[in-house]
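Just below is one structure, and these are the notes that go with it.
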Amino acid sequence: MGKHRVNKKKPKRKGETITVGKAESVPPGRGATVKLKDGTEVALFNVGGHFHAVENFCPHKSYPLADSRLYGHIVECDLHSWRFDVRTGECFTKKSCSIESYEVAVEEGWIKLTV
Ligand code: FES
538 MGKHRVNKKK PKRKGETITV GKAESVPPGR GATVKLKDGT EVALFNVGGH FHAVENFCPH
598 KSYPLADSRL YGHIVECDLH SWRFDVRTGE CFTKKSCSIE SYEVAVEEGW IKLTV
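Each residue of the sequence shown is one higher than the last, beginning at 538 in my numbering.
This is how it looks when you write it as structure tokens:
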């Protein structure tokens, strides 16, 4: 395992589905921060109308990935360009630094996140 930072705002897995907002509020090619009631958060991305969620955290120096740029299904951290697949959380820059991904569905225009 490589040395990397720990995400203190990573949602705990509960098998719980939460409605987090309207799909139209996140345009294609953009990300958004979703803050959960317990203070944890995820980065939500719209990739051509398909929504994906991963930890809102770059394991390199903790930068929030929701604020970083999206290239197709790849988010590139704004600080030092580490790259992640928003569908799976896989880190392309350093394999041991992959992050968690979360299931997202859209039902009648509402985004549903399962943590
Ligand atoms: S903090 Fe993300 S690449 Fe350095």
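For every residue, glycine included, the Cβ atom is placed at its ideal position computed from N, Cα and C.
Residue i versus the options, residue with shortest Cα-Cα distance
i	options	result
G626	V612, R542 and T570	V612
P565	H617, A580, A642 and G609	G609
S599	H587, G586, L607 and H617	H617
V584	D622, E645 and I636	D622
R506	C634, G552, Y639 and R542	Outside the modelled stretch of the chain, which goes from 538 to 652, sits residue 506, for which no answer is possible.
R550	K632, T577, V571 and K631	T577
V595	V557, T630, I555 and T554	It should be pointed out that residue 595 corresponds to Cys in this sequence rather than to Val. Considering only alpha carbons, the answer is T630.
Delimiting residues of the beta strand (DSSP E) encompassing residue i
i	result
F582	E578 to V584
D615	First-last for D615: undefined, no H or E at that position.
A569	G568 to K572
H610	Unbroken run through H610: none, as it is neither H nor E.
Contact set for residue i: own chain, Cβ-Cβ below 6 Å, skip 5 residues either direction
i	result
A580	G568, V591, N593, L602 and A603
Sequence-distant residues of the same chain with beta carbon closer than 8 Å to residue i, five excluded per side
i	result
K559	G646, W647 and I648
M615	Looking at the sequence provided, one finds Asp at residue 615 rather than Met. Only Y600, D604, S605 and R606 meet the Cβ criterion.
V641	L581, F588, H589, A590, I648, K649, L650 and T651
V643	A560, F588 and K649
Own chain partners of residue i with C-beta closer than 7 Å, once the 5 adjacent residues on each side are dropped
i	result
V543	none
(message) Using only Cβ atoms and a threshold of 5 Å, which residues come within that distance of a heavy atom of the ligand FES? Order them by chain position.
(response) Having a Cβ closer than 5 Å to some heavy atom of the ligand FES are C595, H597, K598, Y600, C614, L616, H617 and W619.
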